[in-house]
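Read through the structure below, which is laid out as C-alpha cells, and then see the notes.
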Amino acid sequence: MKQVLLVGNPNSGKTTLFNNLASADEHTGNWHGVTVENKQKIFDCNGKECKLVDTPGIYSLDALSYEEKVACDFLFKNSSSKVINLCDRDNLQRNLYLTLCLIEGGFDIVVVINNIKGHPIFKIDCKKLSDVLGVDVVNINASNKEDMTTLKRCLDAPKKTKKLSYHTSEFEGLTIEEKAKKRYEFIENLILQCTVRTSKVYGESKFDKVALNKWLALPVFLLILATVFYLTFFSLGTFLSDKLGLLLSFLTNPLLRLIENAVGKNWIFDLFNVAIFGGLSTILAFLPQVVLLFFFLSVLEDSGYMSRVAFIFEDILGQIGLSGKSVYTLLMGFGCSTTAIMTARNMDDKNAKTKTAILCPYMSCSAKIPIYLVVGGAFLGSKNIWMIVSLYVLGVIVAICLSKILDKTVLKSKEQSFILEFPPYRMMSIKRVSKVLWKNVKEFLIKVGSIMITMNIIVWILSSFSFSFAYVKNGNSQSMLEFFGKVLAPIFVPLGFGNWAIVSALLSGFVAKEVLVSAIAMFNGIDASATKLLSQSILSPQSVISFSSTASVISFLVYCLLYTPCVSSVSMLKQEVGTKWTILAVILQLFVAYVVSFFVYNVVFAFEIFGFWETLFCVGAVGLFVFSLCFVTKKIRSKSTCSGCKFCDKKCLRKK
Amino acid sequence: MLEIFYCMETLDKVKTQKRYQIVGFCGNNQRILQRFFELGFTKGQMVKITAKSILKKVCLVEIRGYLLSVRTELLKSVVVK
Chain A
73 MKQVLLVGNP NSGKTTLFNN LASADEHTGN WHGVTVENKQ KIFDCNGKEC KLVDTPGIYS
133 LDALSYEEKV ACDFLFKNSS SKVINLCDRD NLQRNLYLTL CLIEGGFDIV VVINNIKGHP
193 IFKIDCKKLS DVLGVDVVNI NASNKEDMTT LKRCLDAPKK TKKLSYHTSE FEGLTIEEKA
253 KKRYEFIENL ILQCTVRTSK VYGESKFDKV ALNKWLALPV FLLILATVFY LTFFSLGTFL
313 SDKLGLLLSF LTNPLLRLIE NAVGKNWIFD LFNVAIFGGL STILAFLPQV VLLFFFLSVL
373 EDSGYMSRVA FIFEDILGQI GLSGKSVYTL LMGFGCSTTA IMTARNMDDK NAKTKTAILC
433 PYMSCSAKIP IYLVVGGAFL GSKNIWMIVS LYVLGVIVAI CLSKILDKTV LKSKEQSFIL
493 EFPPYRMMSI KRVSKVLWKN VKEFLIKVGS IMITMNIIVW ILSSFSFSFA YVKNGNSQSM
553 LEFFGKVLAP IFVPLGFGNW AIVSALLSGF VAKEVLVSAI AMFNGIDASA TKLLSQSILS
613 PQSVISFSST ASVISFLVYC LLYTPCVSSV SMLKQEVGTK WTILAVILQL FVAYVVSFFV
673 YNVVFAFEIF GFWETLFCVG AVGLFVFSLC FVTKKIRSKS TCSGCKFCDK KCLRKK
Chain B
738 MLEIFYCMET LDKVKTQKRY QIVGFCGNNQ RILQRFFELG FTKGQMVKIT AKSILKKVCL
798 VEIRGYLLSV RTELLKSVVV K
C-alpha cells in the first residue's frame, strides 16, 4: 500500500490536515507539540487506498528531542514514501528551512502551504516557488474539505528531482553553522522572488503589549479568569444548572409518583429518589459547568492566549514543579474541583498534569462555603470572615508545599523544552470548539456519570441500611455509616472533635460537601436551608454535634478544607490520572488533613491556654529551629555533592 | 576594533524592545547551538527581546519575523552588538 507522510514544523497544522484528509478525529491545538507520536490512518487517494502517517513536528532532519527522533526515524525508514511537507504561510522563512533539508535529502516531497484563515503576512507565488525548488507546491487551507482534491492530485504526480543552487559538493564539508547560513541566504532570496510581505511579525499582536507586560499581565489574566469563574460557577452556570434541575424534576416526578403508588414510601422509593435520581441531578448540575469551563478553555487555548499565560507563569510555577498551564485548573478549583480536574487533561507534561489534578481539591471549592458559614458562623461570629479567608490561603499554602514535595519525590516534572515557538493569536472556529465540547461532555456523561451514580448508590446503602440490612429511617436504628462514625470517632480525639455525629457527618460529606451540612441539620433536627437556625442549634447544649472549644471548631474547618473531596471529584480523578494515583491522592488528602488539623488544633489550643504572644514565641522558635536545620542540611549536601561538574554553573563559580 | 568589543554582549543581558545584530556564538553545548542555527540565528541577523517572564527566566525573542520563547540562560550563547 502506498504510504504518505505528513512532515512539518511544530504548530504548522499537520494534525488538522491529517484529520481532514483521512477523516480522523485526532487532538489539535494552537500550540507547539500537540502530536508526540506517529498516527496512521487509511484514506482514499484518487480511488486507491493509501496510508497517511502524521508525525510530530520537526525543525530539521537532526532530532534533538524524543518527539523529533520519532518523526526523523520514521522518515528515514520510509525514505521512498511520498512526503507532504506542510508549511505555515505566515512563517514561511523558518518552515522552508525544513523543506530545503528534505530536498537535500532526496525525499519525494509535495510542499503544502497552509493558508490559515485571517490576514496573511505573505502573499505567495506558488508557481515561481515550485520552479525554484523543483518540487510541487500547493497553496491550500488544511481545514478546507474542497482543497483536499487539489492535494490528492499532487500526491499521484511522479517524483521530481532538482539540485538546489547552493547544494554544491563543497556544501557537505561546511560546518552546521555555515550550512544554516547558506540555507537561510537561499530562503531570503527565494522569499524576495516569490512572495510579497503584507504585514508584521508572525505571532505578534498589539494585545501582547498588555498580555505580556510585567505589570499588566497578572491583573489582565486575573480579570479574564474572574469573568470565566463568575460566568461558570455563579451567574450563567447556576442558571443553567437550575433549569436542568427543573427539567429533571419534571421528567422524574411522574416516575417517582408511579413508584410510590406501586411500592409505597419505602427503601425502593428512596433508592430511586435519593440514590439514582439524586445522582442524576448531581451530574446534570455539573454539566453546564463542564460545558462552560471547556468552552472558555478552548477559546483561551485556541486563541493563543494560554501560551502567553504559560510563558508569564512558567518560571514561577516551575519553582514548585507545575506547568504554566496549571494556573487555569488550580484557580478553577476554587469553583468546583470535579470540573476543574477535567481541564488538566490538556497539559503536555504527564507528571505536571497528575500533580495539578491531585492538588486541585486543596483549593477550597464553593461547596465548602456552607460548612464554613454554618459551623464557623456559630462559634466565631463576626470573626468568621477572617477564618474563611485564612482557610482559602491555607489550602493554597498546603498545595504549594505538597507540589514541591511531590516534585522532589514521585512526580518529578519533565524538563520543559528549552526553545518553544510562540503561537500567533488566531480566531477559534465554532466547528472546532463544538467538537471539543462534544468530546468532553460525552466523556463526562458516560464515563464519569456512571462512576458517580455507582458511588452515590454505595454511600446511600451505607447510610440507609444497618449491618443486618434493615432499612434505617430517621435515625431509628444504627446505619453502617453511623456505626463507622462511632468506630472512627476516637481517631479524631487528638484533633479536638472525637464526636461520633461529627465523624458521621464527615463520612457523609464524601457524597458531596453540601451533604455534610444536611447531615448536621439531620442530627439536630433542623432544616438545612435555614443557616442561622442551624448555627444556633450547634451552640445549644442539646445538640448532638458538639465542639469542646474554638480550637476544635477551627481544627474541624481545616479538616473539612483538606480531607478527601466528594465522590464526583474522586471519580474524575480516577478518570484523569488512573486508579493508582487516585488511591494515593485520597490517602495523601486524609493524611495531610489529619496532620495539619492536629497542628492547628494544638497551636490554637495553646493560644487559648497560654496566651497569644507566648504561643507565637514558641511556634516561632520551633519554626526557626526547623528552618535552620533544613538550611544547614542543604548546605552540607551541596558541599558534599559538588565536585565541580560542568553542568552546575553556580556551584562551579562558587568553587572558583 | 576595541569599540566593537565593548559594544558586544550576550543576548541574555540586552534590553527589551531594542534591536541587536548577532555577531557570533559561544559555549560548548552543540545541541543548543544547532537548534539556534536551525531556527534562524545566523551571524548578521537582527534580533529583539520582546518580553521577559515574571522571574526573567524565560525570554520572548523575535527573529526572522516570528517569535520564540527561550530560556534566558541559553541566550548566553548568542553574542550580539
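Chains as they are written, first to last, in this note's numbering: chain A, 73 to 728; chain B, 738 to 818. The C-beta atom is built at its ideal place from N, Cα and C for all residues, glycine as well.
Is the CB of residue i under 8 Å away from at least one CB in chain B?
i: A:Ala252; result: yes
i: A:Leu136; result: yes
i: A:Asn163; result: yes
i: A:Leu492; result: yes
i: A:Lys248; result: The question names Lys, yet the displayed sequence has Ile at residue 248 of chain A. Interface residue, yes.
i: A:Leu284; result: yes
i: A:Leu725; result: Because A:Leu725 carries a pLDDT of 42, less than 50, the predicted location of this residue cannot be relied on, and the following value inherits that uncertainty. No, A:Leu725 lies away from the interface with chain B (no Cβ there is under 8 Å from its Cβ).
i: A:Phe179; result: no
i: A:Ile384; result: yes
i: A:Tyr302; result: no
i: A:Ser375; result: no
i: A:Lys722; result: Any answer about A:Lys722 is weak, because its pLDDT of 47 lies below 50 and its placement is not dependable; what the coordinates show is given next. Chain B, which has no Cβ nearer than 8 Å to the Cβ of A:Lys722, makes this no.
i: A:Ile747; result: Given that chain A is displayed from residue 73 to residue 728, the structure contains no residue 747 of chain A and the question cannot be resolved.
i: A:Ser132; result: yes
i: A:Tyr400; result: no
i: A:Ala673; result: Just to set this straight, residue 673 of chain A is Tyr in the shown sequence, not Ala. No, no contact with chain B.
i: A:Ile388; result: yes
i: A:Arg166; result: yes
i: A:Tyr169; result: yes
i: A:Tyr497; result: no
Any Cβ of chain A within less than 8 Å of the Cβ of residue i?
i: B:Thr746; result: Residue identity differs from the one stated: residue 746 of chain B is Glu in this sequence, not Thr. Not an interface residue.
i: B:Val807; result: yes
i: B:Gly764; result: no
i: B:Gln758; result: no
i: B:Val795; result: yes
i: B:Leu792; result: yes
i: B:Leu812; result: no
i: B:Lys755; result: no
i: B:Lys780; result: yes
Can you check whether the CB of residue j is closer than 8 Å to the CB of residue i?
i: A:Ser379; j: A:Phe541; result: no
i: B:Thr753; j: B:Thr787; result: yes
i: B:Glu775; j: A:Ala135; result: no
i: A:Gly396; j: A:Arg498; result: no
i: A:Thr267; j: A:Lys199; result: no
i: A:Cys173; j: A:Ser132; result: yes
i: B:Ile759; j: B:Ser814; result: no
i: A:Leu402; j: A:Leu303; result: no
i: A:Phe243; j: A:Lys254; result: yes
i: A:Ser409; j: A:Pro433; result: yes
i: A:Ser536; j: A:Asp342; result: yes
i: A:Ala214; j: A:Gly393; result: no
i: A:Arg504; j: A:Asp374; result: yes
i: A:Ala412; j: A:Ser485; result: no
i: A:Ile610; j: A:Asn596; result: yes
i: A:Cys144; j: A:Ile156; result: no
i: A:Val204; j: A:Leu262; result: yes
i: A:Ile248; j: B:Gln771; result: yes
i: A:Phe146; j: A:Asn110; result: yes
i: B:Met745; j: B:Lys818; result: yes
Thinking residue i and residue j are a contact (beta carbons under 8 Å), I'd like their distance in whole angstroms, please.
i: A:Ala357; j: A:Gly317; result: 7 Å
i: A:Val587; j: A:Leu634; result: The Cβ separation is near 18 Å, so there is no contact.
i: B:Gly802; j: A:Gln165; result: 6 Å
i: A:Leu369; j: A:Thr415; result: 5 Å
i: A:Gly568; j: A:Ser501; result: Actually they are not in contact, since the Cβ atoms of A:Gly568 and A:Ser501 sit about 56 Å apart, beyond 8 Å.
i: A:Val583; j: A:Val668; result: About 23 Å; that fails the 8 Å criterion.
i: A:Asn528; j: A:Gly350; result: 6 Å
Give, in chain order, every unbroken run of the alpha helix (DSSP H) that is at least 4 residues long and sits entirely within the segment 497-581 of chain A. 502-515, 521-536, 552-560, 572-580
Residue ranges of each alpha helix (DSSP H) within the segment 129-200 of chain A, 4 or longer: 138-149, 164-176
So, does the segment 436-452 of chain A touch the segment 675-683 of chain A, judging by three or more C-beta pairs under 8 Å? no
If we count Cβ pairs, one from each stretch, closer than 8 Å, do we get three or more for the segment 203-222 of chain A versus the segment 505-524 of chain A? no
Report yes or no: do three or more beta-carbon pairs, one from the segment 113-127 of chain A and one from the segment 77-91 of chain A, lie closer than 8 Å? yes
Which ranges does the alpha helix (DSSP H) cover as unbroken runs of at least 4 residues, wholly within the segment 657-708 of chain A, from first to last along the chain? none
List, from N- to C-terminal side, the alpha helix (DSSP H) runs of 4 residues or more that fit wholly inside the segment 205-254 of chain A. 219-227
So, do the segment 202-212 of chain A and the segment 176-190 of chain A have three or more beta carbon pairs nearer to each other than 8 Å? yes
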